Amino acid sequence: MQGGLVPEGYAVDVTVVGAGVIGLTTAVEVQAGGHTVQVVAAGRGEATTSFVAGALWFPFRADPPDRVNGWARRSRERLQVLASAMPEAGVDVLTVYEAADGADTPWWARSVPDLTLVPASPLGCAAWRFRAPRVEPELFLGWLEGQLQRPVQKRKVTSLDAVAGEAVVNCTGLGARALTGDASLQAVYGQVLLVEPGELDMSVSLGDERDESALLYSIPRRRAVVLGGCALPCPDTQSLLPDPVLRELILARARASGLRHGPVLSERAGLRPYRPSVRLERTGRVIHNYGHGGAGYTLAYGCAEEVAALLRR
Ligand SMILES: Cc1cc2nc3c(=O)[nH]c(=O)nc-3n(C[C@H](O)[C@H](O)[C@H](O)COP(=O)(O)OP(=O)(O)OC[C@H]3O[C@@H](n4cnc5c(N)ncnc54)[C@H](O)[C@@H]3O)c2cc1C
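Note that the working numbering has the sequence shown beginning at 8, numbered continuously upward.
The structure is reproduced here in structure tokens:
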């Protein structure tokens, strides 16, 4: 059914608060389970952190490892199906080289069946090689919204108790701090540049996360490449105007690794909603689903399936 076809006054049995990748993926999944769903959000599209992301499947800055591996594995499978079945959703599968920190198997290896340690890589060092989906946020967020029977309602929620619905799913990212008083949420600043591809291989994504104070990643989109980045804990009030010093550091790291990209097209910054443990649990009629850190796209489908299962119980 297309947006708007559910008659006015029809009972909404599930309200999802938040229209980032977590809220929209959850809403579509819950709707597929037979519920009537209304998404309510203070901001959509460009106004979300989800719009800024890389957005490569890779479990970065998300905990705890056991649950994250389970959600990440499911999301990877679901995104891979979309990549071949629905090109309009903006998902493609790339070859990824992730710089290896010695020969110890990384904690996320359980969610990557084709993981191989290669002695040399385009990064100039040993790396873990695997295939993984990459999402175009603009296409994917729009595609998800297009699956909803009811259009997203733009509204800031000040109390989850006051939200209509037999069940409410809280997918507000960093906004959850104000709604729940959750002091364990931590904003983690990230900045990326969109560059022309230049001589970069558009089928290959490169990442070096060994030193969190000097991250380097290069993630091809369909027509441009995302260069990053950084992961700096900060207050929620941090300005999202890209920092020129960080921009120069990102460009210098790319140069030092021999990445021959084209001119800079634009730059963006966002705040990752990190929590020592992703909060996915039911308390009464509210299901919380927030705190996915640097891995919202990597976990969205796995978490959405768990929310749908909690609603069935
Ligand atoms: C630079 C950068 C690069 C990244 N790269 C990747 C990557 O490569 N792969 C990956 O998997 N992840 C990546 N991430 C992380 C990813 O972007 C986040 O994990 C993800 O966007 C979190 O999604 P979310 O839906 O929880 O939050 P958001 O996208 O922030 O959405 C929150 C939603 O809740 C709404 N909201 C908040 N408070 C209220 C309220 N009180 N009332 C109503 N609505 C409210 C907001 O308006 C918004 O709609 C990156 C992040 C950054 C910053």
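Idealized CB from N, CA, C, for every residue including glycine.
This structure is a prediction, so every number in the text was calculated from the model and none was measured.
Can you find a heavy atom of ligand 1 that lies under 7 Å from the Cβ of Thr179?
One-based indexing of the sequence shown puts residue 179 at position 172. Yes, ligand 1 has a heavy atom inside 7 Å of this Cβ.
Between Tyr104 and ligand 1, is there a pair consisting of the residue's CB and a ligand heavy atom that are separated by less than 7 Å?
For the purposes of this step, residue 104 is taken as the residue at position 97 of the sequence shown. No, the beta carbon of Tyr104 sits no closer than 7 Å to any heavy atom of ligand 1.
Per DSSP, what are the beta-bridge partners of Phe137 in this structure?
Counted from its first residue, the sequence shown places residue 137 at position 130. Phe137 pairs with Val103.
Is Tyr304 near ligand 1, with its Cβ less than 7 Å from a heavy atom?
For the purposes of this step, residue 304 is taken as residue 297 along the sequence shown, with counting starting at 1. Within the cutoff, so yes.
Once DSSP output is grouped into helix, strand and coil, what is the label at Gly11?
The sequence position of residue 11 within the sequence shown is 4, counting from 1. At Gly11, the pLDDT of 37 sits below 50, so the modelled position is not reliable and the matter cannot be decided from this model.
Tell me the rounded alpha-carbon separation between Arg292 and Gln45.
Residue 292 sits at position 285 when you count from the first residue of the sequence shown. Residue 45 sits at position 38 when you count from the first residue of the sequence shown. The alpha-carbon atoms of Arg292 and Gln45 are separated by roughly 15 Å.
Ends of the alpha helix (DSSP H) at Glu255?
Your numbering for residue 255 matches position 248 in the sequence shown. Glu255 -> alpha helix (DSSP H) spans 251-263.
Roughly how far, in whole angstroms, is the beta-carbon of Phe137 from the beta-carbon of Gly301, given that I think they are within contact range, below 8 Å?
Walking along the sequence shown from the start, residue 137 turns up at place 130. Walking along the sequence shown from the start, residue 301 turns up at place 294. So it is not a contact: roughly 18 Å between Cβ atoms.
Taking the alpha helix (DSSP H) that Glu274 belongs to, which residues open and close that run?
Within the sequence shown, numbered from 1, the residue matching residue 274 stands at position 267. In this chain, Glu274 is not harboured by any alpha helix (DSSP H); it is covered by the beta strand (DSSP E) spanning 271-290.
Gln193: CB within 7 Å of a non-hydrogen atom of ligand 1
As a position in the sequence shown, residue 193 is number 186, starting the count at 1. Checking the Cβ of Gln193 against ligand 1 gives no.
Report buried or exposed for Glu88, applying the criterion of at least 16 other Cβ atoms within 10 angstroms of its Cβ.
Locating residue 88 in the sequence shown gives position 81, where the first residue counts as 1. Here residue 88 is Val; the residue named in the question, Glu, does not match the sequence. Val88 comes out exposed.
Sorted by chain position, which residues of the same chain lie with C-beta nearer than 8 Å to Val37's C-beta, five sequence neighbours on each side aside?
In the sequence shown, the residue the question calls residue 37 occupies position 30. So the list reads Val21, Val23, Val44, Val176, Ala311, Val314, Ala315, Leu318, once near-sequence residues are dropped.
Span separating the alpha-carbon of Ala49 from that of Thr165
Here residue 49 corresponds to residue number 42 of the sequence shown, with the count starting at 1. Here residue 165 corresponds to residue number 158 of the sequence shown, with the count starting at 1. Answer to the nearest angstrom: the Cα atoms are 10 Å apart.
Once you ignore the five residues that flank Gly25 on each side, which residues in its own chain have a CB closer than 6 Å to its CB?
Counting from one through the sequence shown, the residue named residue 25 turns up at place 18. Hits under 6 Å: Ala48, Cys178, Thr179.
Rounded to whole angstroms, what is the Cα-Cα separation between Ala60 and Gly277?
Residue 60 sits at position 53 when you count from the first residue of the sequence shown. Residue 277 sits at position 270 when you count from the first residue of the sequence shown. Each residue's alpha carbon lies about 8 Å from the other.
Would you tell me roughly how many angstroms separate the C-alpha atoms of Glu288 and Thr56, rounded to the nearest one?
Locating residue 288 in the sequence shown gives position 281, where the first residue counts as 1. Locating residue 56 in the sequence shown gives position 49, where the first residue counts as 1. Cα to Cα, Glu288 sits roughly 22 Å from Thr56.
If the criterion is Cβ atoms closer than 8 Å, does the pair Gly309 and Ser82 meet it?
The residue labelled residue 309 in the question sits at position 302 within the sequence shown. The residue labelled residue 82 in the question sits at position 75 within the sequence shown. The Cβ atoms of Gly309 and Ser82 lie closer than 8 Å to each other.
Could you give the first and the last residue of the continuous beta strand (DSSP E) run that contains Thr123?
For the purposes of this step, residue 123 is identified with residue 116 of the sequence shown, where counting begins at 1. Its beta strand (DSSP E) spans residues 123-125.
From Arg157, Leu223, Ala133, Ser264, pick the residue whose C-alpha is nearest to that of Val199; which is it?
Position 192 of the sequence shown, counted from the first residue, corresponds to residue 199. Comparing alpha carbon positions, the residue from Arg157, Leu223, Ala133, Ser264 closest to Val199 is Leu223.
Which residues in the same chain as Gln193 place their Cβ atom closer than 6 Å to its Cβ, once the five residues preceding and following it in sequence are excluded?
Here residue 193 corresponds to residue number 186 of the sequence shown, with the count starting at 1. Pro240, Tyr281, listed in sequence order.
Between which residues of its own chain and Val75 is the CB-CB distance below 6 Å, once the five residues before and five after are set aside?
Along the sequence shown, one-based indexing puts residue 75 at 68. Result list for Val75: Pro66, Ala69, in chain order.
In chain order, what residues of the same chain lie with their CB nearer than 8 Å to the CB of Ala307, ignoring the 5 residues before and after it?
Taking the first residue of the sequence shown as position 1, residue 307 is located at position 300. So the list reads Val28, Ile29, Thr32, Thr33, Ser82, His299, once near-sequence residues are dropped.
Determine the direct distance from the alpha carbon of Val159 to that of Leu148, and round the result to whole angstroms.
For the purposes of this step, residue 148 is taken as residue 141 along the sequence shown, with counting starting at 1. For the purposes of this step, residue 159 is taken as residue 152 along the sequence shown, with counting starting at 1. Each residue's Cα considered, the two are about 12 Å apart.
According to DSSP, is Ala90 part of a helix, a strand, or is it coil?
For the purposes of this step, residue 90 is identified with residue 83 of the sequence shown, where counting begins at 1. Ala90: helix per DSSP, three-state reduction.
Assigned exposure category for Leu151 - 16 Cβ within 10 Å defines buried:
Counted from its first residue, the sequence shown places residue 151 at position 144. That one is buried.
Here's the rule I'm using: 16 or more other beta-carbon atoms within 10 Å means buried, otherwise exposed. How should Trp78 be labelled?
For the purposes of this step, residue 78 is identified with residue 71 of the sequence shown, where counting begins at 1. Burial call: buried.
Given Gln154, which residues of its chain have a CB within under 7 Å of its CB, disregarding the five upstream and five downstream residues?
What you label residue 154 is simply residue 147 of the sequence shown in a count that begins at 1. Once the five neighbours on either side are set aside, the close Cβ partners of Gln154 are Val35.
Run through DSSP, which three-state label would Val170 get?
The count along the sequence shown starts at 1 and reaches residue 170 at position 163. Correct three-state label for Val170: coil.
Per DSSP, which residues does Ala339 bridge with? Please list them.
The chain is shown from 8 up to 320; residue 339 falls before or after that span and cannot be answered.
Under 8 Å Cβ to Cβ from Gly16, same chain only, skipping five residues before and after it: list those, please.
On the sequence shown, position 9 is the one that residue 16 refers to. Confidence at Gly16 is low in this model, with a pLDDT of 44, below 50, so the placement of that residue is unreliable and no value is reported for it.
Just the C-alpha distance for Pro283 and Leu213, rounded to the nearest angstrom, thanks.
Numbered from 1 along the sequence shown, position 276 holds the residue referred to as residue 283. Numbered from 1 along the sequence shown, position 206 holds the residue referred to as residue 213. In a straight line, the C-alpha of Pro283 is about 26 Å away from that of Leu213.
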